[in-house]
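Participant: This is the structure I want to talk about, given as structure tokens.
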Amino acid sequence: MVGGGAGIGGAALYDAASGDGGGSTSRTSSLPVVDNGNRPAASGSVESVAAAVLPSVVALEVRGPGGAGSGSGVVLDSDGLILTNDHVVTLGGEIPADQAEVTVSFNDGRKVRGTVVGTDPLTDTALVKVEEVDGLKPITIGKSSNLDVGEQVVAIGSPFGLDATVTSGIVSALDRPVEVARDAQGNATAYPAIQTDAAINPGNSGGPLVNMDGQLVGINASIRSTSSGQGAESGSIGLGFAIPIDEVMPIIDQLRAGETPTHARLGIQVADAAGTAGSSDTTLSGARIAEIEKGSAAADAGLAQDDVITAIDGRQIENTEALIATVRSYRPGDTVKVTYQRGGKESTAELQLGSDA
């Protein structure tokens, strides 16, 4: 931005020195110019997706005691409900959500004050509400479970405060275990993420990831990047992660209803497992049960301390991060098949997941 400003200033000075700073300019050229006109966007193109989705995307400015930040959000309904990340409205846990002063900027230039309706740190989800704003365009919600690796997607948000920025890419991977934070009690913010190479940068958080039908399939939430220097905020290197919309829809419904969000749980404390499986040379990886709660779903299914969980419903569990993210993708009461190792022998157990209610 500094380079661009300096370039413009330099051009203005040059024109003034040349005696051509105030007169009219001609757009004629001796070189041939082809004018194809402004063609309509092709259906299913990034251009058409951007035109459809941009009116549903907002920029969020957040202030609180001792801090300020920015992020993005997406309009869910015509009554002014906006979906974003918990870490956007709490500045990464630095301020309580009820002390956040949120300013919502719409695509048409309107700016209004928003109120935080509710947050769920464990899924990094938050809802903001604006009142008496007419003409809102809710986004169309799709199904993240319909995504395939290699499918084209579009991310929209306000990276580094640059509102209404559109980037495109593909789905690089699905069900990528991503853990971004832990609270003082050891509860992890983790989810089975959609990985994309669409450019996502600080400020994109809370904005939509959409498919080529313009349907919301994920909430852009985190990136992996290389640091550009001590204390500097690094940017995209093509490793962006979005929370699948299927996973947070039940949380959104609970927050809208004023309820405390609930999450599925096994009732265990775990640690990364590393070693060999029995007497073979096969390397064993998974999540080792370090502690198990009496009466929990895991205990009732016959799991025990030092068992190593290696899969849930056939999805491989490499470590504790993968186990937490995978269980977080289910709801309390869901039935799952747990594969585990005990004494070098593989076994399975079917159990009904408990709740943290």
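Numbering-wise (this note's numbering), the sequence shown opens with residue 44 and increments by one.
Beta carbons: idealized from backbone N, C-alpha and C, even for Gly.
Owing to the predicted nature of the structure, the values given are computational and were not obtained by experimental measurement.
Is it true that the CB of proline 202 sits closer than 9 Å to the CB of serine 372?
Facilitator: In the sequence shown, residue 372 corresponds to position 329, counting from 1. In the sequence shown, residue 202 corresponds to position 159, counting from 1. Contact: no.
Participant: I'd like to know if the region 234 to 251 and the region 285 to 297 are in contact, where contact means that at least 3 CB-CB pairs between them fall below 8 Å.
Facilitator: Yes, they touch.
Participant: What do you get for isoleucine 280, buried or exposed, if any count of 16 or more other CB atoms within 10 angstroms of its CB means buried?
Facilitator: Counting from one through the sequence shown, the residue named residue 280 turns up at place 237. Exposed is the call here.
Participant: Just to confirm, are asparagine 254 and leucine 190 a CB contact at a threshold of 9 Å?
Facilitator: In the sequence shown, the residue the question calls residue 254 occupies position 211. In the sequence shown, the residue the question calls residue 190 occupies position 147. Yes. Within cutoff.
Participant: Taking valine 370 as part of the beta strand (DSSP E), name the residues at either end of that continuous run.
Facilitator: Against the sequence shown, residue 370 aligns to sequence position 327. Careful: valine 370 lies outside any beta strand (DSSP E), inside the alpha helix (DSSP H) at 363 to 371.
Participant: Is arginine 156 buried or exposed, if buried means 16 or more other CB atoms sit within 10 Å of its CB?
Facilitator: The residue given as residue 156 occupies position 113 in the sequence shown. Exposed, by the Cβ-count rule.
Participant: Identify every run of the alpha helix (DSSP H) within the region 94 to 172, keeping only runs that are complete inside it and at least 4 residues long; order them along the chain.
Facilitator: For the region 94 to 172, whole alpha helix (DSSP H) runs of length 4 or above, ordered along the chain, are 129 to 132.
Participant: Smallest Cα separation from leucine 217: which of Ser115, Ser188, Ile243?
Facilitator: Here residue 217 is taken as the residue at index 174 of the sequence shown, counted from 1. If we check each option's Cα against that of leucine 217, Ser188 comes out closest.
Participant: Grouping DSSP H, G and I as helix and E and B as strand, with all else coil, what is glutamate 174?
Facilitator: The count along the sequence shown starts at 1 and reaches residue 174 at position 131. Three-state DSSP puts glutamate 174 in coil, outside helix and strand.
Participant: Count the other CB atoms within 10 Å of the CB of aspartate 350; is the residue buried (16 or more) or exposed (fewer)?
Facilitator: Counting from one through the sequence shown, the residue named residue 350 turns up at place 307. Classification of aspartate 350: buried, given that the 10 Å Cβ count is 16 or more.
Participant: Below 8 Å, can you find three or more Cβ-Cβ pairs linking the region 153 to 169 to the region 192 to 202?
Facilitator: With the cut-off at 8 Å, the region 153 to 169 and the region 192 to 202 do not touch.
Participant: What's the C-alpha gap between serine 148 and threonine 162?
Facilitator: Counted from its first residue, the sequence shown places residue 148 at position 105. Counted from its first residue, the sequence shown places residue 162 at position 119. Cα to Cα, the separation comes out at about 20 Å.
Participant: Across which residues does DSSP place glycine 397 in a beta bridge pair?
Facilitator: The residue given as residue 397 occupies position 354 in the sequence shown. Glycine 397 pairs with Arg308.
Participant: Using CA atoms only, rank isn't needed, just tell me which of Glu364, Gly357, Ala307, Ala330 is closest to alanine 340.
Facilitator: In the sequence shown, residue 340 corresponds to position 297, counting from 1. Per the Cα distances, Ala307.
Participant: Using DSSP's beta-bridge definition, name the partner residues of leucine 259.
Facilitator: The residue you call residue 259 lines up with position 216 of the sequence shown. According to DSSP, which records beta bridges pairwise, leucine 259 is partnered with Ile184, Val253.
Participant: Suppose contacts are defined by Cβ-Cβ distances below 9 Å. Is leucine 103 in contact with glycine 283 by that definition?
Facilitator: Counted from its first residue, the sequence shown places residue 103 at position 60. Counted from its first residue, the sequence shown places residue 283 at position 240. No, the Cβ-Cβ distance between leucine 103 and glycine 283 is not below 9 Å.
Participant: Expressed to the nearest angstrom, what Euclidean distance is found between the alpha-carbon atoms of isoleucine 266 and serine 73?
Facilitator: Taking the sequence shown and counting its residues from 1, the one referred to as residue 266 is at position 223. Taking the sequence shown and counting its residues from 1, the one referred to as residue 73 is at position 30. Going from the Cα of isoleucine 266 to the Cα of serine 73 covers about 48 Å.
Participant: Please report how far the alpha carbon of alanine 84 lies from the alpha carbon of glutamate 90, in whole angstroms.
Facilitator: Position 41 of the sequence shown, counted from the first residue, corresponds to residue 84. Position 47 of the sequence shown, counted from the first residue, corresponds to residue 90. Cα-Cα distance, rounded: 6 Å.
Participant: Helix or strand or just coil, what does DSSP make of glycine 212?
Facilitator: Within the sequence shown, the letter at position 169 stands for residue 212. If DSSP states are grouped into helix, strand and coil, glycine 212 belongs with the strands.
Participant: When you compare only the Cα positions, how much space is there between glutamate 222 and asparagine 230?
Facilitator: Position 179 of the sequence shown holds residue 222. Position 187 of the sequence shown holds residue 230. Roughly 11 Å separates the two Cα atoms.
Participant: Looking at C-alpha atoms only, which residue of Asp167, Met292, Ala330, Ala93 is the closest neighbour of glycine 135?
Facilitator: Position 92 of the sequence shown holds residue 135. Closest option to glycine 135, Cα to Cα, is Asp167.
Participant: Taking glycine 212 and aspartate 240 to be in contact with their CB atoms under 8 Å, please state how far apart those CB atoms are, rounded to whole angstroms.
Facilitator: The count along the sequence shown starts at 1 and reaches residue 212 at position 169. The count along the sequence shown starts at 1 and reaches residue 240 at position 197. That belief holds up - the Cβ atoms of glycine 212 and aspartate 240 are roughly 4 Å apart, short of 8 Å.
Participant: Which one or two residues does DSSP pair with serine 390 in a beta bridge?
Facilitator: In the sequence shown, residue 390 corresponds to position 347, counting from 1. Answer by DSSP bridge pairing, in chain order: Tyr383.
Participant: DSSP three-state call for proline 293: helix, strand or coil?
Facilitator: On the sequence shown, position 250 is the one that residue 293 refers to. Three-state result, proline 293: helix.
Participant: Does arginine 225 have its Cβ less than 9 Å from a Cβ in chain D?
Facilitator: The chain labelled as chain D is not found in the depicted structure, where only one protein chain is given.
Participant: Isoleucine 288 bridges to which residues according to DSSP?
Facilitator: In the sequence shown, counting from the first residue as 1, residue 288 sits at position 245. According to DSSP, isoleucine 288 bridges with nothing at all.
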